[in-house]
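Take a look at the structure set out below.
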Amino acid sequence: MVHRTMPRRTLETLTFDNSYARLPGAFYAKLNPAPFATPPYLVSFNPAAAELIDLDPEQAKRPEFAGLFSGSMLVPGMEPLAMLYSGHQFGVYVPQLGDGRAILLGEVRNDRGEKWDLHLKGAGLTPFSREGDGRAVLRSTIREYLCSEAMHGLGIPTTRALCLVGSDDKVYREQIETGAMLVRMAPSHVRFGSFEILYYRKQHEQLRVLADYVIAHHFPHLVESLDKYARFFSEVVERTAKLIAQWQAVGWAHGVMNTDNMSIHGITLDYGPFGFIDDYDPGFICNHSDHNGRYAFNQQPYIGLWNLSCLAQALLPLAQKEELKAALDRYASLCEGRYMELMRAKFGLIETKEEDASLIQDFLALMQLHKVDYTNLFRALGRFETGSVTPNELLREFFLDRESFDKWARRYESRLREEGSRDEDRLVRMNRVNPKYVLRNYLAQTAIEKAQQKDFSEIDRLLTLLQNPYSDQPGMDAYAAPPPNWGKHVSVSCSS
Ligand code: AMP
Ligand code: MG
Numbered sequence: 003m004v005h006r007t008m009p010r011r012t013l014e015t016l017t018f019d020n021s022y023a024r025l026p027g028a029f030y031a032k033l034n035p036a037p038f039a040t041p042p043y044l045v046s047f048n049p050a051a052a053e054l055i056d057l058d059p060e061q062a063k064r065p066e067f068a069g070l071f072s073g074s075m076l077v078p079g080m081e082p083l084a085m086l087y088s089g090h091q092f093g094v095y096v097p098q099l100g101d102g103r104a105i106l107l108g109e110v111r112n113d114r115g116e117k118w119d120l121h122l123k124g125a126g127l128t129p130f131s132r133e134g135d136g137r138a139v140l141r142s143t144i145r146e147y148l149c150s151e152a153m154h155g156l157g158i159p160t161t162r163a164l165c166l167v168g169s170d171d172k173v174y175r176e177q178i179e180t181g182a183m184l185v186r187m188a189p190s191h192v193r194f195g196s197f198e199i200l201y202y203r204k205q206h207e208q209l210r211v212l213a214d215y216v217i218a219h220h221f222p223h224l225v226e227s228l229d230k231y232a233r234f235f236s237e238v239v240e241r242t243a244k245l246i247a248q249w250q251a252v253g254w255a256h257g258v259m260n261t262d263n264m265s266i267h268g269i270t271l272d273y274g275p276f277g278f279i280d281d282y283d284p285g286f287i288c289n290h291s292d293h294n295g296r297y298a299f300n301q302q303p304y305i306g307l308w309n310l311s312c313l314a315q316a317l318l319p320l321a322q323k324e325e326l327k328a329a330l331d332r333y334a335s336l337c338e339g340r341y342m343e344l345m346r347a348k349f350g351l352i353e354t355k356e357e358d359a360s361l362i363q364d365f366l367a368l369m370q371l372h373k374v375d376y377t378n379l380f381r382a383l384g385r386f387e388t389g390s391v392t393p394n395e396l397l398r399e400f401f402l403d404r405e406s407f408d409k410w411a412r413r414y415e416s417r418l419r420e421e422g423s424r425d426e427d428r429l430v431r432m433n434r435v436n437p438k439y440v441l442r443n444y445l446a447q448t449a450i451e452k453a454q455q456k457d458f459s460e461i462d463r464l465l466t467l468l469q470n471p472y473s474d475q476p477g478m479d480a481y482a483a484p485p486p487n488w489g490k491h492v493s494v495s496c497s498s
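Position one of the sequence shown corresponds to residue 3 (the working numbering), numbered consecutively onward.
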């Protein structure tokens, strides 16, 4: 008997709604996407995201698919709009931002009752484009497409990516590039800045409308609470703290943690100049426009708190200051606590001991001193052997000064023995939390350069690989390699 397990919606039966479009006009500008001037073509399609909206992956083969997801056709129920928000950019309040090059097409509800926003990035000018051209380039959409799926594969909350549509339209950046559109999916695209703009414009009634909307749609368990706004904030604090702990544990920097890029769902949002750390450097700055290192890797936990305090400020008209403050006060221990849990797991430790923090810190310090690859060393650490006569040659190889590693290894070994750790079991556990493959900049760059020559195969190869980053994939070892010399200096800025 054939079981029908595949999603089954077609482009005709994919039903759209747009609850955001029913909110007051102060929250958005309604407008249609502006299609490319040249014929669009499908660059990549992600069946895993299609499944979330019950869309039959076969639909991607239809010639009209690329047109539909690059704005040349609308489906009934779509009510496209650009969302309005503001935000603190590099610490400075910018009174009006908004979707300057993205359009919310509408929402699709799947058979499990989950609502997914479909957002088209690169969809043309909007009233919020300021001096921008409303477009996104192929290069940056490939980065976002691959990284959001890589993060999901790693188990890190994130927006998802349905497909990437390319064109031959010229787009002017530092060089002439081509325009592309990305269909991004999220429970909603409401940001901290969506609240900030209403607060600073003193539209406090609208602020309440937005909070009620968000709570009703996304935090329904709070609807009946008397202190629902404070509780909503408290949940955002919790989710953000845990999200950032995951970024820190995997060695990933966002690059532009402005409050307009912070999701109220605690998911990773707006991929720009992000980067995974190769050689461990806690001060890693992935955004080459970030001259002061405000968004350096090791600043992210503090910036998370700073951004949450901006959101707290915006919620002052709705909740007691003391309640908001109490929620903020929980952030540091939530973030640190989650980080320690994740790090213990990366070291294969089961029990919690006082000395773990220094064991972990000293390992990171060694890694930094010896410029060791973060991802590869953790993956290799799973093979640490307790009680071996020639101890851990594989691991010693990573360090120039092997004796300082040996010294640390003796402490690690005795820590493992204390909890009766067995090498084989620990390896299995550690391989589940220490990825073999991450989206290193040079891997993305190779896919981009091929795609710019109209060869999209590398995008699909990386997509498949990164959706399973914890499994050894046959023939793919080269993709776990640290960057070659040219790939160490791929410079990424906000202009994308
Ligand atoms: P981002 O750095 O991508 O988060 O963007 C920050 C703000 O600039 C948002 O309001 C974007 O919509 C806007 N923006 C970025 N690039 C463009 C562009 N090419 N055209 C219009 N607006 C843009
Ligand atoms: Mg943004």
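By construction, the Cβ of each residue, glycine as well, lies at the ideal position given by its N, Cα and C atoms.
Fair warning: this is a prediction, and the values are worked out from it, not measured in the lab.
Just curious, the beta strand (DSSP E) that residue i is in, first and last residue?
i    : result
F90  : As written in the sequence, residue 90 is His, which differs from the Phe given in the question. 89-91 is the span of the beta strand (DSSP E), which, as asked, contains H90.
G181 : 178-188
C501 : The first residue shown for the chain is 3 and the last is 498, placing residue 501 beyond what the model contains.
R442 : Here R442 belongs to no beta strand (DSSP E), and DSSP marks it neither H nor E.
S46  : 43-47
G472 : Note on residue identity: the sequence assigns Tyr, not Gly, to residue 472. Note, Y472: premise wrong, no beta strand (DSSP E); not H, not E.
Which residues share a DSSP beta bridge with residue i?
i    : result
V252 : In the DSSP output, where bridge partners are listed per residue, V252 has none listed.
M85  : Y30
D119 : E109, A188
D19  : E109
A394 : Going by the sequence as given, residue 394 is Asn instead of Ala. Paired residue(s): none; N394 is not in a bridge.
T270 : T160
L25  : In DSSP, L25 forms no bridge with anything.
F278 : W254
L57  : R11
N289 : V494
S265 : R193
Mind checking which residues open and close the alpha helix (DSSP H) that includes residue i?
i    : result
R145 : 140-156
R381 : 376-383
G306 : 302-316
Y201 : 194-202
Y333 : 323-348
V492 : From DSSP, V492 is part of no alpha helix (DSSP H); its letter is neither H nor E.
V211 : 206-220
Y414 : 404-420
V430 : 425-433
Q98  : From DSSP, Q98 is part of no alpha helix (DSSP H); its letter is neither H nor E.
R463 : 459-468
A68  : 66-70
F400 : F400 -> no alpha helix (DSSP H), and no H or E assigned at all.
D358 : 358-371
So, are the CB atoms of residue i and residue j less than 9 Å apart?
i    : j    : result
W249 : Q301 : no
L57  : L16  : yes
H290 : V94  : no
D280 : V258 : no
A423 : I362 : The amino acid at residue 423 is misidentified as Ala; the sequence shows Ser. Not in contact: S423 and I362 (Cβ atoms no closer than 9 Å).
E151 : L468 : yes
A84  : P129 : yes
G195 : Y87  : yes
F197 : I266 : yes
G28  : L44  : The sequence as given places Ala at residue 28; Gly does not occur at that position. Contact flag unset, no.
P484 : N443 : no
V252 : V440 : yes
I55  : R10  : no
S131 : R103 : yes
E387 : D425 : yes
- Message: Whether or not the stretch 317-330 and the stretch 223-240 are in contact is what I'm after, with contact meaning three or more pairs of Cβ atoms, one per stretch, closer than 8 Å; do they touch?
- Response: yes
- Task: Count the C-beta pairs between the stretch 427-440 and the stretch 347-363 that are closer than 8 Å, then say yes if the count reaches three, no if not.
- Result: yes
- Counting pairs of beta carbons, one from the stretch 162-172 and one from the stretch 43-54, are three or more of them closer than 8 Å? yes
- Contact the stretch 175-194 vs the stretch 113-127: 3+ CB pairs below 8 Å: yes
- Query: Is there contact here, the stretch 32-43 with the stretch 169-180, by at least three beta-carbon pairs under 8 Å?
  - Reply: yes
- Item | contact_flag[the stretch 366-376, the stretch 262-282] where n(CB pairs < 8 Å) is 3 or more | yes
- Message: Does the contact criterion of 3 or more C-beta pairs under 8 Å hold for the stretch 265-279 versus the stretch 144-162?
- Response: yes
- Message: Check whether the stretch 99-117 and the stretch 403-418 are in contact - that is, three or more C-beta pairs closer than 8 Å.
- Response: no
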